[in-house]
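In the UniProt record's numbering, the protein residues as written are 1 to 133. Backbone N, C-alpha and C define an ideal beta-carbon position, used for all residues, glycine too. Only a predicted model underlies this, so the values are computations on that prediction, with no experimental measurement involved. Heads up: the structure comes next, in structure tokens.
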């Protein structure tokens, strides 16, 4: 199944990259010009989830995914970072924040998991601020 996901995801990224080359509107967009679209699409997804409407959920999840990919493609074309950086960062974060799954630590309840998540997140936040007066 992963091969199907990879192929479809690759096709989607290629389409967005082509739109950035060949569509005048898409080509002119910047992260700043489309940033509000992400909020709008997230809210539409929220409403679809509230309504428990699977067809709308599928559509709005796709729209949110498009926003993430669009922002990454723009950043990549600007030489700043790309989709692989975003995916790698997310993978590392999920593994780091789930030592009870990917490490030796054992947790038994969802409350313990949430407490651990919050603790790890706070530690990460504090380490980012180290050295700042």
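Cβ-based neighbour list, residue 20, same chain, cut-off 7 Å, excluding 5 preceding and 5 following: Against the chain shown, residue 20 aligns to sequence position 20. Excluding residues within five positions, the ones whose Cβ falls inside 7 Å are 26, 27, 73, 77.
What separation, rounded to the nearest whole angstrom, lies between the Cα atoms of residue 39 and residue 70? Taking the first residue of the chain shown as 1, we reach residue 39 at position 39. Taking the first residue of the chain shown as 1, we reach residue 70 at position 70. Roughly 14 Å between the two C-alpha positions.
Does DSSP classify residue 50 as helix, strand or coil? By 1-based counting over the chain shown, the position of residue 50 is 50. Three-state DSSP puts residue 50 in a helix.
Please go through the same chain and pick out, in chain order, the residues whose beta-carbon is closer than 7 Å to the beta-carbon of residue 61, but skip the five residues on each side of it. Counting from one through the chain shown, the residue named residue 61 turns up at place 61. Taken in chain order, the residues that qualify are 45.
Is it buried or exposed, residue 7, if we count other Cβ atoms within 10 angstroms and call 16 or more buried? Residue 7 sits at position 7 when you count from the first residue of the chain shown. With fewer than 16 other Cβ atoms within 10 Å, it is exposed.
Under the assumption that residue 75 contacts residue 31 (Cβ atoms under 8 Å), give the Cβ distance between them as a whole number of angstroms. What you label residue 75 is simply residue 75 of the chain shown in a count that begins at 1. What you label residue 31 is simply residue 31 of the chain shown in a count that begins at 1. Contact holds; Cβ gap of about 7 Å.
Within the UniProt domain "NTP pyrophosphohydrolase MazG-like" (29-102), ranges of the alpha helix (DSSP H) (whole runs, at least 4 residues): 31-51, 54-77, 83-96, 99-102
Roughly how many angstroms lie between the CA atoms of residue 41 and residue 64, to the nearest whole one? Here residue 41 corresponds to residue number 41 of the chain shown, with the count starting at 1. Here residue 64 corresponds to residue number 64 of the chain shown, with the count starting at 1. Each residue's CA atom was taken as its position, placing residue 41 and residue 64 some 6 Å apart.
Thinking C-beta only, is residue 12 closer than 9 Å to residue 66? Here residue 66 refers to the residue found at position 66 when the chain shown is read from its first residue. Here residue 12 refers to the residue found at position 12 when the chain shown is read from its first residue. In contact: residue 66 and residue 12 (Cβ atoms closer than 9 Å).
Which listed residue (18, 124, 111, 109) has its alpha carbon closest to that of residue 94: Start at 1 with the first residue of the chain shown, and residue 94 comes out as number 94. Ranking the options by Cα distance to residue 94, first place goes to 124.
Are residue 100 and residue 107 closer than 9 Å when you measure CB to CB? Locating residue 100 in the chain shown gives position 100, where the first residue counts as 1. Locating residue 107 in the chain shown gives position 107, where the first residue counts as 1. Result yes, Cβ atoms of residue 100 and residue 107 sit closer than 9 Å.
Just the Cα atoms here: how many angstroms apart are residue 18 and residue 52? Residue 18 sits at position 18 when you count from the first residue of the chain shown. Residue 52 sits at position 52 when you count from the first residue of the chain shown. The alpha-carbon atoms of residue 18 and residue 52 are separated by roughly 33 Å.
Looking only at C-alpha atoms, which of 127, 120, 85 sits nearest to residue 97? Counting from one through the chain shown, the residue named residue 97 turns up at place 97. Closest option to residue 97, Cα to Cα, is 120.
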